[in-house]
Amino acid sequence: MVQIACIENYASSNSLANKAWRNKPTINSFPQDTVLDQQAFQNLPILMISKGVIGLQHTLGDGRQTISIVYFAGEVIDFRHLGSVSGRAICLLPVIVKLFNGEDYDRMQRQDQEFQQEQSAISARQLFYASQHSIDLARKSAVEKLASFILENRKRANLGRALTVHLKLRRTDIADYMGLRAETLSRAFSKLKNMRLITYSDADEIHITNEPMLRQLANGKPLHLKVNMQ
1 MVQIACIENY ASSNSLANKA WRNKPTINSF PQDTVLDQQA FQNLPILMIS KGVIGLQHTL
61 GDGRQTISIV YFAGEVIDFR HLGSVSGRAI CLLPVIVKLF NGEDYDRMQR QDQEFQQEQS
121 AISARQLFYA SQHSIDLARK SAVEKLASFI LENRKRANLG RALTVHLKLR RTDIADYMGL
181 RAETLSRAFS KLKNMRLITY SDADEIHITN EPMLRQLANG KPLHLKVNMQ
């Protein structure tokens, strides 16, 4: 059963000055699969994600689900700018968020240059990942899409050049985000493993064994590898 988000009472921070405001958010936690209904966040439309992942989920005409955007920890959702967007925000993992009043948020961007620069950088990163996702959806094959998704997760988790990446999202959610069927995604994982580009021992821990080739595949360049299908 779908759970609709319920948020705690909010005490206005209008009396708080400058950087002190940033230490006085309303903090809420939501279980996995909680729907974050926009109406519930009218007074607190700014969500700063401290932990977890939120997706913007849509239902297609034939009943299939798709996820157009994912927001990771450290990113921001402004419900004021999602009013005309179809779909619903849903917790793809258990989530902890800091909630802020819109007027306070806007005022802080005007008054605190450091805060404004931080938020501009976050917005720029989110726009970059959204544009990259559009490119990913245009890729020819499932293995190209998956290779790109693995590298995207590493970057968004600030893991640098680490070779171990934790894909914490469920396979069904990854498939919805990548525009694939679950069984197609499963075959793509197996194929990347058989190509000796990755290994994995469980559902979410991926070890990159050939990063140059994985990146080449993610960029849509053909690989000439012998695949062991055993």
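In the UniProt record's numbering, the protein residues as written are 1 to 230. We treat Cβ as the ideally placed atom computed from N, Cα and C, and that holds for glycine.
Mind checking whether residue i and residue j have CB atoms under 8 angstroms apart?
{"i": "Leu214", "j": "Ile208", "result": "yes"}
{"i": "Gly55", "j": "Ile46", "result": "no"}
{"i": "Ser50", "j": "Val97", "result": "yes"}
{"i": "Val70", "j": "Leu99", "result": "no"}
{"i": "Gln65", "j": "Asp176", "result": "yes"}
{"i": "Met48", "j": "Val76", "result": "yes"}
{"i": "Phe72", "j": "Phe41", "result": "no"}
{"i": "Thr184", "j": "Ala142", "result": "yes"}
{"i": "Lys168", "j": "Asp204", "result": "yes"}
{"i": "Asn28", "j": "Asn101", "result": "no"}
What is the rounded straight-line gap between the Cα of residue i and the Cα of residue j?
{"i": "Pro212", "j": "Leu146", "result": "15 angstroms"}
{"i": "Gln126", "j": "Arg196", "result": "31 angstroms"}
{"i": "His166", "j": "Gln111", "result": "38 angstroms"}
{"i": "Leu82", "j": "Asp106", "result": "16 angstroms"}
{"i": "Pro94", "j": "Val35", "result": "12 angstroms"}
{"i": "Tyr200", "j": "Leu192", "result": "10 angstroms"}
{"i": "Arg139", "j": "Gly220", "result": "7 angstroms"}
{"i": "Gln38", "j": "Asp104", "result": "18 angstroms"}
{"i": "Leu159", "j": "His58", "result": "30 angstroms"}
{"i": "Gln113", "j": "Ala121", "result": "12 angstroms"}
{"i": "Ile90", "j": "Arg187", "result": "27 angstroms"}
{"i": "Glu152", "j": "Tyr129", "result": "8 angstroms"}
{"i": "Gly63", "j": "Phe115", "result": "42 angstroms"}
{"i": "Ala157", "j": "Ile206", "result": "14 angstroms"}
{"i": "Asp202", "j": "Ile150", "result": "15 angstroms"}
{"i": "Gly61", "j": "Ser134", "result": "20 angstroms"}
{"i": "Pro222", "j": "Asn210", "result": "15 angstroms"}
{"i": "Phe189", "j": "Thr172", "result": "13 angstroms"}
{"i": "Thr26", "j": "Gly52", "result": "17 angstroms"}
{"i": "Asp86", "j": "Arg161", "result": "The sequence shown places Ser at residue 86, not Asp. Those two C-alpha atoms are separated by around 36 angstroms."}
{"i": "Gln117", "j": "Arg170", "result": "33 angstroms"}
Going by C-alpha to C-alpha distance, which of the options sits closest to residue i?
{"i": "Asn198", "options": "Glu114, Thr164 and Leu169", "result": "The sequence given here places Ile at residue 198; Asn does not occur at that position. Ranking Glu114, Thr164 and Leu169 by Cα distance to Ile198 puts Thr164 first."}
{"i": "Gln119", "options": "His133, Gly74, Gly87 and Ile150", "result": "Gly74"}
{"i": "Leu137", "options": "Thr26, Ile174, Asn101 and Ala157", "result": "Ile174"}
Original post:
Looking at C-beta atoms only, is the number of pairs between the segment 134-150 and the segment 167-186 that lie closer than 8 angstroms three or more?
Top reply: At 8 angstroms Cβ cutoff, the stretches touch.
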